[in-house]
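All the letters of the sequence shown, read from the start, carry residue numbers 1 to 352 under the numbering used here. Note that the Cβ used here is the ideal one computed from N, Cα and C, for glycine as well. Structure first, then comments.
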Amino acid sequence: MGVVIMIDPKNIRWDELTFSLTPTRTMFITTCKADGEWKSVPLQPFGNISLSPAACVLNYGQGLFEGLKMHSHKDGKTFTIFRPQENAARLAYGCERLCMPPVPKELFMEAVTAVAKDNKDFTPPYNPNSASQGSLYIRPTVWGTAPLLGVAPSPEYTFMVFCSPVGPYFKTGFKPIKLKMLKEYHRSAPGCTGGVKAIGNYAGGMLPAKKAKAEGYQEVLYLDAVESRYIEEVGAANFFCIKGNRLITPALGGSILPGITRKSLLQLAKDRLGMVVEERKISFEEVFDSDEAFATGTAAVISPIGLINYEGKDHIFSKGEVGMLTRKLYDMLLGIQHGLEPDLYGWLHKIE
Ligand code: PLP
Ligand code: COI
1 MGVVIMIDPK
11 NIRWDELTFS
21 LTPTRTMFIT
31 TCKADGEWKS
41 VPLQPFGNIS
51 LSPAACVLNY
61 GQGLFEGLKM
71 HSHKDGKTFT
81 IFRPQENAAR
91 LAYGCERLCM
101 PPVPKELFME
111 AVTAVAKDNK
121 DFTPPYNPNS
131 ASQGSLYIRP
141 TVWGTAPLLG
151 VAPSPEYTFM
161 VFCSPVGPYF
171 KTGFKPIKLK
181 MLKEYHRSAP
191 GCTGGVKAIG
201 NYAGGMLPAK
211 KAKAEGYQEV
221 LYLDAVESRY
231 IEEVGAANFF
241 CIKGNRLITP
251 ALGGSILPGI
261 TRKSLLQLAK
271 DRLGMVVEER
281 KISFEEVFDS
291 DEAFATGTAA
301 VISPIGLINY
311 EGKDHIFSKG
321 EVGMLTRKLY
331 DMLLGIQHGL
341 EPDLYGWLHK
351 IE
């Protein structure tokens, strides 16, 4: 394994960042026995780690990850992470689902805060004119790392947090994306692990995404695995559509990830825009009849959907442009994250 070279943050071209890894200064890494306790440790330089080829996570996928973002504010001095307590709770819940010892909320917050603080200078500066939506992406993981041959929970676990400056998830930035809706592939099913950020949920989407990209689409829009009729998610992002004053998103039923951006937008749309918000089943026929559509996620932020192709037919939203309410929600969310709007709900975790 090669040595990881850290780039001096002064040499990073912030406007050219994509959603890809730029190694930073430090990471957090601690271990815990299956029946033991997670311990706080000092940060260490970001670098490669060593694992047994028989590690449970590598062979059986016993692992979870999280994604958070730190944003810089206009004053150039304030840095805030968006709703990290929500990620802490989701990670702990996911640990239970995958038979891993939950990382305590306090340790999660300590590790995320320490990594963010020590790598603060890797956070892209606030730039209202940049389409890059730059931020410091923070990636916690929990893996079963002990070697074992039989399929069983690992006797030992590793909790890691690293980070990377990133640009837009979709290369087009805040421009409408084109999706391919498929019925022959599904992301998850009732009773499976779609409702947690299990690492094993993601490899299965690579082939459908590759096929969709080869045809000129940015992502796949997944339907439910039972009837192939109701919308689930957009790759690694939640789905929303708007009809009149109603904001509609698929209800969480265990196969859809409870997105933190999703939860935040439901609240903002209701409280600040006076929209009627609905969490329920949405058939693809209903979606085709809606006015606006978009995908949400920490990485994807709010990505407007301009077109959905299904069985060879294109369905276009907002004339293929960014819808008015989608833009309002985007401005509001980014406004809060970058400190341009008041943090009325206490969503921002300040890094001193
Ligand atoms: N759905 C999936 C499958 C995801 O991986 C993500 C990314 O985290 C989301 C939705 C959006 O969740 P959040 O808004 O918490 O980032
Ligand atoms: C996120 O939005 O944080 C994600 O996890 C999406 C992706 C990079 C898997």
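Give the single residue among the options whose Cα lies nearest to the Cα of residue i.
| i | options | result |
| --- | --- | --- |
| Phe-159 | Phe-108, Ser-188, Ile-199 | Phe-108 |
| Tyr-126 | Leu-149, Asp-75, Gly-150, Asn-201 | Asp-75 |
| Tyr-157 | Val-276, Gly-259, Trp-143 | Trp-143 |
| Tyr-217 | Ile-305, Thr-249, Lys-281 | Ile-305 |
| Leu-273 | Val-234, Met-324, Glu-286 | Met-324 |
| Ala-55 | Ser-40, Asp-291, Ala-152, Lys-77 | Ala-152 |
| Val-57 | Pro-155, Pro-9, Ile-5, Arg-83 | Pro-155 |
| Gly-61 | Phe-240, Val-226, Gly-150, Gly-253 | Gly-150 |
| Phe-79 | Thr-123, Cys-163, Gly-63, Thr-249 | Thr-123 |
| Arg-139 | Ala-189, Val-112, Ala-146, Lys-117 | Val-112 |
| Leu-51 | Lys-213, Asp-35, Thr-31, Val-41 | Thr-31 |
| Ile-308 | Tyr-137, Met-206, Glu-219 | Glu-219 |
| Phe-288 | Asp-343, Leu-348, Tyr-202, Lys-313 | Lys-313 |
| Lys-178 | Gly-167, Phe-19, Tyr-310 | Tyr-310 |
| Thr-24 | Lys-120, Val-301, Ile-282 | Lys-120 |
| Leu-136 | Ser-264, Pro-128, Val-115, Ala-146 | Val-115 |
| Thr-145 | Met-181, Met-100, Tyr-185 | Met-100 |
| Ser-303 | Glu-341, Leu-257, Thr-326 | Thr-326 |
| Leu-348 | Ile-316, Ser-72, Leu-148 | Ser-72 |
| Ser-188 | Val-4, Tyr-230, Val-166, Phe-162 | Tyr-230 |
| Ala-88 | Lys-105, His-315, Val-41 | Lys-105 |
Give me the Cβ distance between residue i and residue j, rounded to the nearest whole Å; I'm assuming they're in contact under 8 angstroms.
| i | j | result |
| --- | --- | --- |
| Gly-94 | Ala-236 | So it is not a contact: roughly 15 angstroms between Cβ atoms. |
| Leu-43 | Phe-28 | 6 angstroms |
| Pro-45 | Leu-68 | That belief does not hold up - the Cβ atoms of Pro-45 and Leu-68 are roughly 21 angstroms apart, past 8 angstroms. |
| Leu-329 | Ala-269 | 6 angstroms |
| Phe-239 | Ala-295 | 6 angstroms |
| Leu-257 | Gly-194 | 7 angstroms |
Using DSSP bridges, identify the partner residues of residue i.
| i | result |
| --- | --- |
| Thr-30 | Phe-159 |
| Trp-143 | Gly-63, Thr-158 |
| Lys-328 | Note: Lys-328 sits in no beta bridge, so no partner. |
| His-349 | Ile-81 |
| Lys-178 | Leu-307 |
| Ser-52 | None, per the DSSP bridge assignment. |
| Val-137 | The sequence given here places Tyr at residue 137; Val does not occur at that position. Tyr-137 pairs with Lys-69, Ser-164. |
| Asn-11 | In the DSSP output, where bridge partners are listed per residue, Asn-11 has none listed. |
| Val-234 | Leu-221, Ala-237 |
| Lys-171 | According to DSSP, Lys-171 bridges with nothing at all. |
Could you check whether the Cβ of residue i sits closer than 8 angstroms to any Cβ belonging to chain C?
| i | result |
| --- | --- |
| Leu-223 | Among the protein chains of the structure shown there is no chain C, as only one such chain exists. |
Listed by chain order, which residues have C-beta atoms less than 5 angstroms from any heavy atom of ligand 2? Qualifying residues, in the order they occur: Gly-67, Ala-236, Gly-297, Thr-298, Ala-299.
Counting only runs of 4+ residues fully inside the stretch 198-232, write out the alpha helix (DSSP H) ranges in chain order. Those alpha helix (DSSP H) runs which fall completely within the stretch 198-232 and span 4+ residues are 206-214.
May I have a chain-ordered list of the alpha helix (DSSP H) segments no shorter than 4 residues that lie completely inside the stretch 71-131? List check, alpha helix (DSSP H) in window: 84-97, 105-118.
Report the residue ranges of all beta strand (DSSP E) runs contained in full by the stretch 249-309; include only those spanning at least 3 residues, in chain order. Taken in chain order, the unbroken stretches of beta strand (DSSP E) that lie wholly in the stretch 249-309 and span 3 residues or more are 276-279, 292-297.
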